[in-house]
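S.K.:
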Amino acid sequence: MKRNLRIAYFLSVTNDYIGGADHTLFMQAVLMNSDHKVTIVLPCNADGKCNTLFQKKCEAFGLDYTVLKYNTANSIKTINLVDYKNDIDRIERFIKEKQLDLLHSVQINVAVEYLSRKLGVPHVMNIYNLDAWEWAIPCADVLPRYISCDSLFFFEKWKAYLNCEGRCVRVFDDIDIASKHIHDKDITVIGAAGTVCDRKNQMEIIKAVEIEKKRGRKIRLLLAGDAGSGYAGECSSYIAKCCLREDIVFMGFIDNMKLFFEQVDVFVCGSRMESFPASIVEAISCNIPVISTPVAGVPEILVHGQNAYISKGYLAEDLADALENYFRDYECDRLTEVLSNEKETYREFFSADAVKLQLNALYGDILEDFSGTMELRSWNDTECGLHKMLVKLEKRMTEVDDAEDVIRIHSRLLYLYQIRNKITGKKGYIWGAGKWGKLAKIMIESLLSDITIKAFVDEKRNQKIDGTAVIKKEAMDIREDTIVFIAYAQGQEEAVRYLEKRNMEMMKNIFIIA
4 MKRNLRIAYF
14 LSVTNDYIGG
24 ADHTLFMQAV
34 LMNSDHKVTI
44 VLPCNADGKC
54 NTLFQKKCEA
64 FGLDYTVLKY
74 NTANSIKTIN
84 LVDYKNDIDR
94 IERFIKEKQL
104 DLLHSVQINV
114 AVEYLSRKLG
124 VPHVMNIYNL
134 DAWEWAIPCA
144 DVLPRYISCD
154 SLFFFEKWKA
164 YLNCEGRCVR
174 VFDDIDIASK
184 HIHDKDITVI
194 GAAGTVCDRK
204 NQMEIIKAVE
214 IEKKRGRKIR
224 LLLAGDAGSG
234 YAGECSSYIA
244 KCCLREDIVF
254 MGFIDNMKLF
264 FEQVDVFVCG
274 SRMESFPASI
284 VEAISCNIPV
294 ISTPVAGVPE
304 ILVHGQNAYI
314 SKGYLAEDLA
324 DALENYFRDY
334 ECDRLTEVLS
344 NEKETYREFF
354 SADAVKLQLN
364 ALYGDILEDF
374 SGTMELRSWN
384 DTECGLHKML
394 VKLEKRMTEV
404 DDAEDVIRIH
414 SRLLYLYQIR
424 NKITGKKGYI
434 WGAGKWGKLA
444 KIMIESLLSD
454 ITIKAFVDEK
464 RNQKIDGTAV
474 IKKEAMDIRE
484 DTIVFIAYAQ
494 GQEEAVRYLE
504 KRNMEMMKNI
514 FIIA
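Take 4 as the starting number for the sequence shown in the numbering used here and just add one per residue.
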C-alpha cells in the first residue's frame with residue numbers, strides 16, 4: 004500500500020458530546036496522520052453548529068478539519084434514505100477538492116456510501132453492535148461494502164449480514180497518567196464510565212457495590228457519563244433508598260477522562276450490550292485493573308484472573324464476585340502479576356503501534372480489492388419504493404407541523420419498507436401515546452392500511468387521542484393476529500419483556516418504531 008494516502012474521517016455527532024464510537028474513529032485518524040494526509044470531517048446541524056469538543060481536539064492534535072452537513076444512523080431502523088441527497092453536493096465537492104483516496108466513517112453514513120459508489124472512492128465504516136432483533140431486518144443495498152469493527156464477535160456478524168469485507172481493528176487510546184502504585188488505602192475508588200442507561204447496566208454495578216459494602220469492603224463508586232435518562236433517575240432513587248449517597252457519586256459527562264482515571268483504583272464495566280467497550284481500553288492504557296462482564300468481544304482478549312477479572316454474568320452478584328476476586332489478589336500481592344499481563348495485553352492489541360498496523364492492513368486490503376465505481380441500480384430501486392411511500396403519506400403529513408417530526412418519519416421509511424412483508428397481523432396496538440405514538444399512527448394508517456389500530460397503550464395517559472382510545476397494557480386483547488408497535492424511546496426493553504411473557508415475538512408480532 005502506498006504511503007501518503009489522502010483520507011477523510013467522517014464523525015457522526017453534532018452536539019458537544021464525545022461518545023466512544025466517534026472517539027475511536029478520531030484516535031484512528033490521529034494514528035494515521037503520521038503516515039497519511041488526514042482530514043477530520045465534523046457534521047453540523049441545519050444551523051451550522053458542530054461538535055466543538057472535537058473541533059478543539061482537532062486543533063490540539065494539529066489535525067486538518069472541515070465542517071459539513073450530513074446525518075448518520077446508529078441502527079438499521081434509523082437509516083434516513085429520504086433526506087440524504089440534500090447533503091451530497093457539498094460532500095461531493097469536498098471529496099473532489101481534496102482528491103481523496105479513501106473515506107472512513109463511523110456508524111451508518113449513507114451519503115458517504117452513495118458517493119463512494121458514484122465517484123469510485125473506497126469507503127470503510129466503523130460499525131458496532133446491533134440489538135439482537137435488528138439482524139432480522141432484511142439488508143438494504145445502501146450499507147457498506149467494507150467495514151471495521153472493534154470486536155471479532157460483531158465483525159463476523161456484520162460480515163455475514165452485509166456479505167462484505169473488512170477487518171477487526173481494535174480501539175486505540177492512551178490516557179497517559181502516571182503509573183499507579185499498589186499501596187494500602189483506607190477506601191478503594193471504583194470507576195465506571197458511559198451514558199447511564201440500561202445497556203450500560205449501572206444499576207447492577209451500584210447493587211454490586213452495595214453487596215461489597217455489606218461484606219465489609221470500604222469502597223466508593225464514581226460514575227462518569229451523562230445521567231439525564233429515566234434509567235439514571237431509577238439509579239438515583241435506589242441509591243437514596245439504600246443510603247448510598249456518600250458512597251456513590253454521579254460525575255456527569257466528563258470531557259477530560261485523564262482527570263477521572265487519576266482518581267480511580269479499579270475500573271468496572273457492567274455492559275450488557277456493547278462490541279468492545281472503549282472505556283476498558285482507556286483503563287488498560289492507565290494500567291488500572293479492569294473488572295468486566297463477558298460482553299461481546301471482551302472474552303476475546305481479557306481472561307479472568309490473568310489480565311482482568313471477568314464476571315460470570317451481568318447481575319450484581321456476578322460483578323460483586325469478580326470484585327471479590329480483585330480484592331483477594333490485591334491482598335495477597337498477586338495483583339502485580341495481573342497488571343503486568345494487562346500491560347502486555349495493551350501493547351499487543353491496543354497500543355499505537357498495534358492499531359496502526361491493523362489500520363494499514365485494513366486499508367491495504369480495501370485498496371487491493373476495490374474495483375472503482377459501483378452499480379447503483381438496486382439503490383435507485385429502493386429509493387423509488389420509498390418515493391411511493393412518501394406519496395401515500397402526503398395527505399397525512401399536513402398533521403405534522405414540526406420539521407424534526409418530518410425527519411423522524413423519514414428516518415423510519417426505509418425500515419418500514421424493509422419489514423413490510425414481515426407484518427402479517429391485522430389488529431394493532433401502538434404502545435406509547437406521546438410524540439412517537441402519534442407519528443407511528445400516521446405511518447401505519449398510511450402505509451399499512453390493512454391494519455386496524457385498536458388503541459394506544461400508555462400507563463400515564465387515559466384520554467382519547469384523535470378519537471383513538473388509550474388503554475393500560477393489561478387491557479390489550481392479544482390474539483394470533485395481534486401486532487404491537489412500540490412507539491416510545493426510553494424503556495423499550497421492559498415493554499418487550501412484558502409482551503414476550505404473553506407469547507409474542509420480536510419481528511413477528513412486536514415491532515419497534517421509535
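Using N, Cα and C, we set each Cβ at its ideal position, and we do this for glycine too.
1) What number of angstroms, rounded off, separates the C-alpha of residue 143 from the C-alpha of residue 373?
2) Note down the Cα distance separating residue 234 from residue 201, rounded to an integer number of angstroms.
3) Just to confirm the assignment, what range does the beta strand (DSSP E) spanning residue 387 have?
4) On the three-state DSSP scale, how would you describe residue 305?
5) So, do the stretch 454-463 and the stretch 191-210 have three or more beta carbon pairs nearer to each other than 8 Å?
6) Is residue 487 closer than 9 Å to residue 432 when the C-beta atoms are compared?
7) Is the separation between the beta-carbon of residue 528 and that of residue 101 shorter than 9 Å?
8) Do residue 111 and residue 82 have their beta-carbon atoms positioned less than 9 Å apart in this structure?
9) Does DSSP put residue 61 in a helix, a strand or coil?
10) With DSSP as the reference, label residue 457 as helix, strand or coil.
11) What is the rounded straight-line gap between the Cα of residue 520 and the Cα of residue 72?
12) Taking 8 Å as the limit between beta carbons, can you name the residues of its chain near residue 517, skipping five residues before and five after?
13) My output table needs one value for residue 399: the three-state DSSP class, helix, strand or coil.
14) Report the residue from 137, 157, 128 whose alpha carbon sits nearest the alpha carbon of residue 147.
15) For residue 514, list the residues DSSP reports as bridge partners.
16) For the stretch 267-296, list the alpha helix (DSSP H) runs that are entirely contained and at least 4 residues long, ordered along the chain.
17) On the DSSP bridge assignment, give the partners of residue 33 in chain order.
18) Based on Cα-Cα distance, which residue from 74, 25, 474 lies nearest to residue 57?
19) Straight-line CA distance for residue 3 to residue 213?
20) Apart from the five residues on each side of it in sequence, which residues of its chain come closer than 7 Å, Cβ to Cβ, to residue 30?
21) Could you please give the first and the last residue of the uninterrupted alpha helix (DSSP H) stretch that includes residue 254?
22) Counting only the same chain and skipping the five closest in sequence on each side, list residues whose C-beta sits under 8 Å from that of residue 351.
23) Just checking, does the stretch 260-273 make contact with the stretch 313-326 on the three C-beta pairs under 8 Å criterion?
24) What separation, rounded to the nearest whole angstrom, lies between the Cα atoms of residue 93 and residue 189?
25) Per DSSP, which one or two residues make a beta bridge with residue 210?
26) Find out if the Cβ-Cβ distance for the pair residue 474, residue 505 is shorter than 9 Å.
27) Note the first and the last residue of the continuous beta strand (DSSP E) segment covering residue 40.
28) Can you list, in chain order, the residues of its chain with a C-beta nearer than 7 Å to that of residue 323? Leave out the 5 residues immediately preceding and following it.
29) Skipping 5 residues on each side, what residues in its chain have a beta carbon closer than 6 Å to that of residue 150?
30) Using three-state DSSP, classify residue 190 as helix, strand or coil.
31) Candidates 428, 455, 47, 364: which alpha carbon is nearest residue 507's?
32) Is the beta carbon of residue 109 closer than 9 Å to that of residue 28?
33) Measure the CB-CB distance between residue 546 and residue 54 and report whether it falls below 9 Å.
34) CA-CA distance, residue 96 and residue 383?
35) Please specify which runs of the alpha helix (DSSP H), each continuous and at least 4 residues long, are wholly inside the stretch 68-127, giving them in chain order.
36) Measure from the alpha carbon of residue 132 to the alpha carbon of each residue in 158, 120, 472, then state which is nearest.
M.R.: In brief:
1) Rounded to whole angstroms, residue 143 to residue 373 spans 20 Å at the Cα level.
2) For residue 234 and residue 201, the distance between alpha carbons rounds to 7 Å.
3) Per DSSP, residue 387 lies in no beta strand (DSSP E); the unbroken alpha helix (DSSP H) holding it starts and ends at 380-396.
4) Three-state DSSP puts residue 305 in coil, outside helix and strand.
5) As far as the Cβ criterion goes, the stretch 454-463 does not touch the stretch 191-210, which means the pair count is below three.
6) Contact annotation: residue 432 and residue 487 have beta-carbon atoms nearer than 9 Å.
7) This structure leaves residue 528 out entirely; the chain is present only between 4 and 517.
8) Taking 9 Å as the Cβ cut-off, residue 82 and residue 111 qualify as a contacting pair.
9) Here residue 61 sits in helix by DSSP.
10) Three-state result, residue 457: strand.
11) The structure shown does not extend to residue 520, since the chain is modelled only from 4 through 517, so no value can be given for it.
12) Here the set comprises 435, 439, 443, 489, 490, 491, 492, 495.
13) Three-state result, residue 399: helix.
14) Ranking 137, 157, 128 by Cα distance to residue 147 puts 128 first.
15) Paired residue(s): 488.
16) Counting only runs of 4 or more, we get 281-288.
17) Residue 33 is not bridged to any residue.
18) Out of 74, 25, 474, 25 has the C-alpha closest to the C-alpha of residue 57.
19) Only positions 4 to 517 of the chain appear in the structure, and residue 3 is not among them; the question remains open.
20) So the list reads 175, 176, once near-sequence residues are dropped.
21) Element bounds for residue 254: not the alpha helix (DSSP H) but the beta strand (DSSP E), 251-255.
22) Here residue 351 has 357 as same chain residues with Cβ atoms under 8 Å from its own Cβ, once five neighbours each way along the sequence are excluded.
23) Contact between the stretch 260-273 and the stretch 313-326 is present: three or more C-beta pairs spanning the two stretches fall below 8 Å.
24) So the two alpha carbons sit approximately 58 Å from each other.
25) DSSP links residue 210 through a beta bridge to no other residue.
26) By the CB criterion at 9 Å, residue 474 and residue 505 fall outside the cutoff.
27) Here the beta strand (DSSP E) through residue 40 covers 40-47.
28) Cβ within range, chain order: 211, 214, 215.
29) Exclusion of the five residues before and after residue 150 leaves 128, 130, 161, 167, 169 as the residues of its chain whose Cβ lies within less than 6 Å of its Cβ.
30) Note: residue 190 maps to coil in three-state DSSP.
31) That would be 428, whose Cα lies nearest to the Cα of residue 507.
32) It is a contact, given that the beta carbons lie within the stated cut-off.
33) There is no way to answer for residue 546, as the model of the chain reaches only from 4 to 517.
34) Their Cα atoms are separated by approximately 22 Å.
35) Listed in chain order, the complete alpha helix (DSSP H) runs (minimum 4 residues) inside the stretch 68-127 are 91-101, 113-122.
36) Taking only the C-alpha atoms, the option nearest residue 132 is 158.
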